Amino acid sequence: MKRKRILSGMRPTGKLHLGNLHGALNNWVDLQNDESNECFYFVADWHALTSDYKDTSEISENTRDMVIDWLSAGLDPSRSTLFLQSGVKEHSELFLILSMITPLAWLERNPTYKEMREELSDRDLSTAGFLGYPVLQAADIIMYKAYGVPVGVDQLPHLELAREIARRFNFLYREIFPEPKPLLTGVPKLLGIDGRKMSKSYENSIYLRDRGEVLSQKVLSMFTDPQRKSKIDPGRPHLCNVFSFHGIYTPAEDVARIEEDCKKAAVGCVQCKKMLYRNIAERMAPLHEKQDYYMNNLDEIRHVLADGTSRAREIARITMDEVREAVRLYRIDDR
Ligand code: TRP
Ligand code: SF4
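Following our numbering, the numbering of the sequence shown begins with 2 at its first residue and continues without gaps.
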């Protein structure tokens, strides 16, 4: 059976939050568990350098923590290839060659590029590396001739660029690369505890690591229906972020009851949140156990990455042989 190759990456931003889990990671696990797929997931640590080059002190630990969360959430290194981008030097060679054929205008008009520069205005992002971010991403993807790339909507412009760059390579040299398709992951329904998008930089996240007192404090401080000022006011669950969380963590019968009780002011928000806290804690318990295991067995994390990276490198080596030949560079060795 010819399996479909799936590839995706995450920048090592450290410990993952519930938005990452429900927005991306669970989807990665589902794709992995479908036997018709062959999945490659990697830590985009060079991509982290594009915006964090001035302070690189956390990249290494963040890589480790992120991989611990991946494994704890169900990624399985015997089924998926989990690797480190900077461990496969071929990515940088393909990036260089793709940079030669990518018109500057394609990069300058990239909406993500413009937005990021505005959003991260505290940093100097007028670097070649930052402008070239999507070229490196294109190299990541087409290196493995990926069929599908699970990403959120924010990454669609990057995917489109990867398709255009692949097409341009095929046109200039030789048909080597299939055009990768985005596999859209649903819009995240979970907001941060302050009601904005859950994001590390907003400090409003519930992390996969949060448990006990930390977790319960966060859940208890969540924003609810803004019009429900007191317990005797009826609430509007469909406008309440706590209720969205119940949709994921609470059994359906209980969700239906909470909805009714909230609408007729028969349940207070504190009680509602306490229930939610218990359900999250219960659901996360197996994941927390795995995190503890890996924190005590950090060697395993290194092994998983080393092993996955050498598997990825084998494929990258073959692709790069084809690429050099297509570009018709002089060959010193006559293999
Ligand atoms: N740009 C992606 C993000 O910020 C990370 C990434 C790098 C990626 N290379 C990739 C995602 C290749 C998918 C495929 O989330
Ligand atoms: Fe939200 Fe629950 Fe309060 Fe209703 S009772 S407003 S669902 S927190």
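From the three backbone atoms N, C-alpha and C, an ideal C-beta is built for every residue, glycine too.
No experiment lies behind these values; they were computed from the predicted model shown.
**Study point:** Length-filtered (4 minimum) alpha helix (DSSP H) runs lying within the segment 250-299
**Key:** Counting whole runs of 4 or more residues, the segment 250-299 contains the alpha helix (DSSP H) stretches 253-264, 270-296.
Review point. With C-beta atoms as the reference, is Val215 less than 9 angstroms away from Leu185?
Key: The count along the sequence shown starts at 1 and reaches residue 215 at position 214. The count along the sequence shown starts at 1 and reaches residue 185 at position 184. The beta carbons of Val215 and Leu185 sit no closer together than 9 angstroms.
Practice item. Examine ligand 1 and report whether any of its heavy atoms sits within less than 8 angstroms of the Cβ of Gly10. Key: Residue 10 sits at position 9 when you count from the first residue of the sequence shown. Within 8 angstroms of the C-beta of Gly10 there is at least one heavy atom belonging to ligand 1.
Review point. Say the cut is 8 angstroms; is the CB of Ala313 nearer than that to a heavy atom of ligand 1?
Key: As a working note, residue 313 is residue 312 in the sequence shown. Ala313: no, Cβ never under 8 angstroms from ligand 1.
Check your understanding: What are the boundary residues of the beta strand (DSSP E) that includes Thr64?
Key -> As a working note, residue 64 is residue 63 in the sequence shown. Thr64: not part of any beta strand (DSSP E); member of the alpha helix (DSSP H) spanning 60-73, first to last residue.
Exercise for review: Flag Lys274 as yes when its Cβ comes closer than 8 angstroms to any non-hydrogen atom of ligand 2, and as no otherwise.
Suggested key: By one-based count along the sequence shown, residue 274 stands at place 273. At least one heavy atom of ligand 2 is nearer than 8 angstroms to the Cβ of Lys274, so yes.
**Study point:** Span of the beta strand (DSSP E) around Ser9
**Key:** Locating residue 9 in the sequence shown gives position 8, counting from the first residue. It spans 5-11 - the beta strand (DSSP E) in which Ser9 sits, taken as one unbroken run.
Point to revise | Buried or exposed (CB count within 10 angstroms, at least 16 for buried), Thr82 | key: Here residue 82 is taken as the residue at index 81 of the sequence shown, counted from 1. For Thr82, the number of other beta carbons within 10 angstroms of its own is at least 16, and it is reported as buried.
Point to revise | Exposure label - Ile103; buried when at least 16 CB within 10 Å | key: For the purposes of this step, residue 103 is taken as residue 102 along the sequence shown, with counting starting at 1. Strictly speaking, residue 103 in this sequence is Thr, with Ile absent from that position. Thr103 should be labelled buried.
Check your understanding: Which of helix, strand or coil does DSSP assign to Glu91?
Key -> Position 90 of the sequence shown holds residue 91. Glu91: helix per DSSP, three-state reduction.
Review point. Using DSSP with H/G/I as helix, E/B as strand and the rest coil, what is Pro179?
Key: For the purposes of this step, residue 179 is identified with residue 178 of the sequence shown, where counting begins at 1. Coil at Pro179, not helix or strand.
Practice item. Please report how far the alpha carbon of Met276 lies from the alpha carbon of Lys16, in whole angstroms. Key: Sequence index remark: in the sequence shown, residue 276 carries index 275 (1-based). Sequence index remark: in the sequence shown, residue 16 carries index 15 (1-based). Spanning the two alpha carbons is a distance of roughly 25 angstroms.
Review point. Roughly how many whole angstroms lie between the Cα atoms of Cys273 and Ile259?
Key: For this step, residue 273 is matched to residue 272 along the sequence shown. For this step, residue 259 is matched to residue 258 along the sequence shown. Cα-Cα distance, rounded: 8 angstroms.
Check your understanding: Just how far apart, CA to CA, sit Leu162 and Pro181?
Key -> Here residue 162 corresponds to residue number 161 of the sequence shown, with the count starting at 1. Here residue 181 corresponds to residue number 180 of the sequence shown, with the count starting at 1. The straight-line gap from Cα to Cα measures roughly 10 angstroms.
Check your understanding: With respect to the alpha helix (DSSP H) encompassing Glu214, which residues constitute its N-terminal and C-terminal limits?
Key -> As a first step, residue 214 is located in the sequence shown; it is residue number 213 there, counting from the start. It spans 213-221 - the alpha helix (DSSP H) in which Glu214 sits, taken as one unbroken run.
Practice item. For Thr251, verify whether its CB is less than 8 angstroms away from any heavy atom of ligand 2. Key: On the sequence shown, residue 251 is found 250 positions in, with the first residue counted as 1. Thr251: no, Cβ never under 8 angstroms from ligand 2.
Practice item. Report buried or exposed for Gly193, applying the criterion of at least 16 other Cβ atoms within 10 angstroms of its Cβ. Key: On the sequence shown, residue 193 is found 192 positions in, with the first residue counted as 1. Result: buried.
Review point. Should Gln33 be listed as close to ligand 1, given that the test is whether its C-beta is under 8 angstroms from any heavy atom?
Key: Here the question's residue 33 lines up with position 32 in the sequence shown. Distances taken from the Cβ of Gln33 to the heavy atoms of ligand 1 include none shorter than 8 angstroms.
**Study point:** Euclidean distance between Cα positions of Ile233 and Glu261
**Key:** Residue mapping note: residue 233 aligns to position 232 of the sequence shown, counting from 1. Residue mapping note: residue 261 aligns to position 260 of the sequence shown, counting from 1. Between Ile233 and Glu261, the C-alpha separation is close to 14 angstroms.
Check your understanding: Does any heavy atom of ligand 1 sit closer than 8 angstroms to the C-beta of Leu137?
Key -> Numbered from 1 along the sequence shown, position 136 holds the residue referred to as residue 137. Yes; taking the cut-off as 8 angstroms, the Cβ of Leu137 has a heavy atom of ligand 1 nearer than that.
Practice item. Can you check the segment 78-145 for any beta strand (DSSP E) of at least 3 residues that lies completely inside it and give the ranges in chain order? Key: With a minimum length of 3 residues, the continuous beta strand (DSSP E) runs that stay inside the segment 78-145 are 82-85.
Practice item. Quick one: give me the first and last residue of the alpha helix (DSSP H) that Asn27 is part of. Key: If you number the sequence shown from 1, residue 27 lands on position 26. Here the alpha helix (DSSP H) through Asn27 covers 27-34.
Exercise for review: Alpha carbon to alpha carbon, how far is Ile142 from Arg332? Give it in angstroms, no decimals.
Suggested key: As a first step, residue 332 must be located in the sequence shown, where it is residue number 331. As a first step, residue 142 must be located in the sequence shown, where it is residue number 141. If I take the Cα positions, the gap works out to 26 angstroms.
Check your understanding: What separation, rounded to the nearest whole angstrom, lies between the Cα atoms of Val44 and Arg279?
Key -> Locating residue 44 in the sequence shown gives position 43, where the first residue counts as 1. Locating residue 279 in the sequence shown gives position 278, where the first residue counts as 1. Between Val44 and Arg279, the C-alpha separation is close to 32 angstroms.
Point to revise | Cross-strand partners of Asn1 (DSSP beta bridge) | key: No answer is possible for residue 1: the residues shown for the chain start at 2 and end at 336.
**Study point:** Cβ pair count under 8 angstroms reaching 3, the segment 221-232 against the segment 291-308
**Key:** At 8 angstroms Cβ cutoff, the stretches do not touch.
Check your understanding: If you drop the 5 nearest sequence neighbours on each side, which residues of the same chain put their C-beta closer than 7 angstroms to that of Arg171?
Key -> Taking the first residue of the sequence shown as position 1, residue 171 is located at position 170. Per the sequence shown, residue 171 should be read as Asn rather than Arg. Closer than 7 angstroms at the Cβ level, and outside the excluded window around Asn171, lie Ile177, Phe178.
Review point. Taking 8 angstroms as the cut-off, is the CB of Ala45 close to at least one heavy atom of ligand 1?
Key: The residue given as residue 45 occupies position 44 in the sequence shown. Ala45 has its CB nearer than 8 angstroms to a heavy atom of ligand 1.
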